[in-house]
Structures are given as C-alpha cells and as structure tokens.
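Structure first, then comments.
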Amino acid sequence: MFDGAEWAAQANLALHLLAALAAGLLIGIERGWRQRSEVEGARVAGVRTFTLIGTCGGLIGIVSLNLSPVLAAILLACLTIMLIGAFIRPRVGPVSRDATTMVAGFTTLCLGLLAGGGMAALALAGAAVATLILAMRQPIHGALRNLTEEELRAIARFAVIAGAVLPFLPDADYGPYGAWNPFQLWLVVVLVTGFSVAGYIANRLFGQQRGTLTTAVIGGAYSSTAVTAALASQIKAGEHGHYATGIALASAVMYCRVVALAAVLAPGLVLPLTALLAPASLVIALAAALIWRHERADEAAATRLTSKPFELLPALGFLMAVALAALLVRWAQDQFGQQGVALSLFIAGSFDVDAAIVAYSALPVDAVSTAIAALALAGTVAINMAFKAGIVFVNAGARAGRPALLALLASLLVLVLTIGLRAVSLFG
Numbered sequence: 002m003f004d005g006a007e008w009a010a011q012a013n014l015a016l017h018l019l020a021a022l023a024a025g026l027l028i029g030i031e032r033g034w035r036q037r038s039e040v041e042g043a044r045v046a047g048v049r050t051f052t053l054i055g056t057c058g059g060l061i062g063i064v065s066l067n068l069s070p071v072l073a074a075i076l077l078a079c080l081t082i083m084l085i086g087a088f089i090r091p092r093v094g095p096v097s098r099d100a101t102t103m104v105a106g107f108t109t110l111c112l113g114l115l116a117g118g119g120m121a122a123l124a125l126a127g128a129a130v131a132t133l134i135l136a137m138r139q140p141i142h143g144a145l146r147n148l149t150e151e152e153l154r155a156i157a158r159f160a161v162i163a164g165a166v167l168p169f170l171p172d173a174d175y176g177p178y179g180a181w182n183p184f185q186l187w188l189v190v191v192l193v194t195g196f197s198v199a200g201y202i203a204n205r206l207f208g209q210q211r212g213t214l215t216t217a218v219i220g221g222a223y224s225s226t227a228v229t230a231a232l233a234s235q236i237k238a239g240e241h242g243h244y245a246t247g248i249a250l251a252s253a254v255m256y257c258r259v260v261a262l263a264a265v266l267a268p269g270l271v272l273p274l275t276a277l278l279a280p281a282s283l284v285i286a287l288a289a290a291l292i293w294r295h296e297r298a299d300e301a302a303a304t305r306l307t308s309k310p311f312e313l314l315p316a317l318g319f320l321m322a323v324a325l326a327a328l329l330v331r332w333a334q335d336q337f338g339q340q341g342v343a344l345s346l347f348i349a350g351s352f353d354v355d356a357a358i359v360a361y362s363a364l365p366v367d368a369v370s371t372a373i374a375a376l377a378l379a380g381t382v383a384i385n386m387a388f389k390a391g392i393v394f395v396n397a398g399a400r401a402g403r404p405a406l407l408a409l410l411a412s413l414l415v416l417v418l419t420i421g422l423r424a425v426s427l428f429g
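Numbering (this note's numbering), first residue to last: 2 to 429.
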C-alpha cells in the first residue's frame, strides 16, 4: 500500500505523463488533419503515432529521473533510430513523407521528454506553439511570397539589433551626469524600430488589400507624420479615397502610441499623460468618423508609404537624439532643478517625442514630478500636431485638404486648452 506521500508522487508522475501524451496528441491532430485526404497506409505518422511519440518521450523522461539515466539514454537512442528509419526507408507505394512531419516527430519527442522530466507546463506551451506554427502553413507561405528582399533584410537587421546587440550591453550609467545607460538606450532603439518594421510589413501585406484606412492605422503606429505626408499628396493629386479620414485616424493612433511607449518605459507617466491626451485623441477620432461618412472613396484605391521598412542610419540618428536628450535633461536637472527638467523635456520632445520619453524614463524618480513631465511631453505632441497640419496645408492645399486640416486643428486646439487648464491648476 502507498502512503500519502507516495500517492502524491505517483499522481505527479501520472500528470507529467498525461502532459506528454497531450503534447503529442495536440501536434498529432494537426498532422492527421493535414494528411486527412490521403488513403489508409499512405501516411507515415498521424494522430495516433504522434500521441505515442509524445507518450514515449514522457516515459523516457520519467525513467531518467526515477530509474536509470543509462536505461533512458538507451531507450531514447532506440526510439530515435526507429523514427529516422521510418522516414528514410525506401518509398513503397503512395507513402507521404516530408521533412516537416519528421521534424514535428522529433519535436514531439523532445516535448514529451520535457514533460516527463518535470517541466509539464513548458512542454504543453511548446506543443501549443508548435501546433500553431504547423497550422499556419498557408498564411506563413503567403506572407513569404509577398515579402520583398528589402523587407527580408529589414527583418534580419532588426533581429541583429534586438538579439545580437541588446543582450550584451551593460545595464549601468555612464558618461556626464550618468546620463547614458547603454542597455536602456538600445532598448528604445529596439522598441521604436520594432514598431517601424512591424508596421511597414503589416502595411505591405494587408494595407494594399484593405485600403487606405488600414494603411493609416498601421502606419500611424510608427510614423503618423509619414502617413500624413503620403495621404496629403494623394489628396493634392485629386484621387478619390478615404485620405482625409486616414490622416485623422493616423494621428489618433499616434496618441495611443505615445501612451503605449510611456507605459513600457515610464509607467508612472501613463495616467497624467493619458489625462492630457485623451480629450484631443477623442476629438480627432470623432472627426475621423465624421469625415469617413462624407468622404467619397474608391474602394480599389490603396496607398503605400514611400519610407523603407528599416534603415540603420536613421536608427543610429535616433539613438543620438535620445542620448543628447538624456544629457540635456540631466544637465538641466543639475543646473535648474525641476523646472529645468520640464523645459529640457519640452525642447527635446519638439524634435522627437519618443526621445523625450526615453530621457524621462532614465531620470531618478524624484527628478521631476510626473504631472510636470506629462505637461512638457503633451506640449511636444501639440507641436507635432501643428507640424502635421502644416504638412497638409502645404501638400494638399487649404481647400482640398480642409477636412483633414480641420480635424488636426480641432484636436490641436483641444490639446492646447487641456494643457493650459492643467498648467493653471499646477502653477496657479
């Protein structure tokens, strides 16, 4: 008879084995469904085979921990030889065999070993991700067919700056006033260029098929100014489409992007910054809806942004802007205290809002109050809105670009009023 502790141990082993079985079953369902149209006997491995592979992996993991690692190694070697033999044996008749199924089989075996070794949650998570990858065959292949060589290079470059550079940078303060933290500075480059690459690729894959509004939403996540310039040019050319709506929508997304970046880098800034930006963002979102109802659209129209998905020099330029902003803010803090920090944030943000947010995130907690910092950053957003209104006026003209111009100016007016009221409440 087992006592309570032994029963608990046996139940734990049973759960690990069940997780191994479930991992194999999950992948096996996808593989079986993929080969469902093939005749009986033509499949190398289906749902039952994959379930058994996962279960065998779980058993081997349990044997390794509880009986003999040597015996487990022998069993693993035998099972591996059997799997390899099943896939490389001479083809007889209409047997379906492909590398994906073979790799999926070994993945299932490894996941079973993880589960049997005590990491059941990791094994199930891995099985879920593997099943998703296998099930997304058509969308993945379609996406690859639509990718250009330039976009592929952009993904590779982003992978280098995110995976080959960032993990090896020191997370410590260097330079004058301790203003520069290499890890944090490069992390921001990763975040911002990540938005750029993801937004561009999503626009490339989906925007052209779903029209200007998708372009505006996706493009606004990485550069509402670029969207405004591109769509204003379409308005000037006299083309029909939801171009004014897209300009307003991109700026609405920009407000959300600023708050999202603050949430990642400076969580304490989110609430006061949201309170300042929310009224203006609601106004421009409402304006976008009103313009959309009255704007004549050519459903076949599509707009592509002319910017490249990723370029190294602009990314390094952004890094320099962030570094200079951080130095400016630290210097202002040392020389003038809280008011100097607020002014320096406003000046830095006038050139790049993201850079100002990064500079603020690197400050000590008590360097400047979140209310004053939010006020300064909201002011930089107002400058950005005014700049985009100028782009519309120059590119589209006062008459053709009037709907977009009115939307931007209405949002700007509300933002300035909100900032003014908040400043009065803070400073009297």
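Just so you know, even glycine gets a beta-carbon here, dropped at the ideal spot from N, CA and C.
What residue from the options has the CA that sits closest to residue i's CA?
{"i": "V260", "options": "A276, L250 and A245", "result": "A276"}
{"i": "L53", "options": "A73, L170, S412 and L80", "result": "L80"}
{"i": "A20", "options": "A126, T108 and A411", "result": "A126"}
{"i": "R32", "options": "G391, A136, W181 and W293", "result": "A136"}
{"i": "A180", "options": "P140, L291 and A327", "result": "A327"}
{"i": "L414", "options": "I285, A377 and A324", "result": "I285"}
{"i": "G29", "options": "L110, F159 and S412", "result": "L110"}
{"i": "Q36", "options": "T102, E150 and G398", "result": "T102"}
{"i": "M47", "options": "G176, G86, L26 and A100", "result": "In the sequence on display, residue 47 carries Gly and not Met. Looking at the Cα atoms, L26 is the closest of the given residues."}
{"i": "T419", "options": "A253, A289, Q11 and L278", "result": "L278"}
{"i": "P177", "options": "I162, V254, L329 and A267", "result": "L329"}
{"i": "V130", "options": "T56, L112 and L378", "result": "L112"}
{"i": "M255", "options": "S412, A267 and A290", "result": "S412"}
{"i": "L283", "options": "A253, V265, M120 and P268", "result": "A253"}
{"i": "A424", "options": "A10, A399 and L378", "result": "L378"}
{"i": "A290", "options": "L266, A251 and A324", "result": "A251"}
Cutting at 8 Å between CB atoms, please list the residues of its own chain near residue i, excluding the five before and the five after it.
{"i": "L422", "result": "none"}
{"i": "A73", "result": "I61, G62, V64 and S65"}
{"i": "V417", "result": "A383"}
{"i": "A301", "result": "Only weak support is given to the placement of A301: the predicted model assigns it a pLDDT of 44, under 50, and the question is left unresolved by the model."}
{"i": "A230", "result": "I392 and N396"}
Excluding five sequence neighbours on each side, which residues of the same chain lie with their C-beta closer than 6 Å to the C-beta of residue i?
{"i": "L115", "result": "L123 and A124"}
{"i": "L153", "result": "none"}
{"i": "P273", "result": "T371, A372 and A375"}
{"i": "L84", "result": "G106"}
{"i": "F184", "result": "L170 and D172"}
{"i": "A263", "result": "L270, V271, L274 and I358"}
{"i": "G117", "result": "H17, A21, G59, G62 and I63"}
{"i": "L77", "result": "I61"}
Could you tell me if residue i is buried or exposed, where buried requires 16 or more neighbouring beta carbons within 10 angstroms of its beta carbon?
{"i": "Q210", "result": "Below a pLDDT of 50, predicted positions are generally treated as unreliable, and Q210, at 45, falls in that range; the measurement from the model is reported next regardless. Q210 is exposed by the Cβ-count criterion."}
{"i": "W187", "result": "buried"}
{"i": "R49", "result": "exposed"}
{"i": "H295", "result": "exposed"}
{"i": "G220", "result": "buried"}
{"i": "Q139", "result": "exposed"}
{"i": "T108", "result": "buried"}
{"i": "N13", "result": "exposed"}
{"i": "L133", "result": "exposed"}
{"i": "N67", "result": "exposed"}
{"i": "R258", "result": "buried"}
{"i": "I162", "result": "buried"}
{"i": "F388", "result": "exposed"}
{"i": "A155", "result": "buried"}
{"i": "M321", "result": "exposed"}
{"i": "V190", "result": "buried"}
If I measure Cβ to Cβ from residue i and keep anything under 7 Å in the same chain, skipping five residues before and after, which residues do I get?
{"i": "A292", "result": "A quick correction: the sequence has Ile, not Ala, at residue 292. A245, T246, A249, P404 and A408."}
{"i": "A390", "result": "L406, L409, L410 and L413"}
Is the CB of residue i under 9 Å away from at least one CB in chain C?
{"i": "C57", "result": "The chain labelled as chain C is not found in the depicted structure, where only one protein chain is given."}
Quick check: is any heavy atom of the ligand MG less than 8 Å from the C-beta of residue i?
{"i": "A230", "result": "Ligands are entirely absent from the displayed structure, and the ligand MG is therefore not among its contents."}
At a cut of 8 Å, does the region 161 to 170 reach the region 133 to 148 through at least three beta carbon pairs? no
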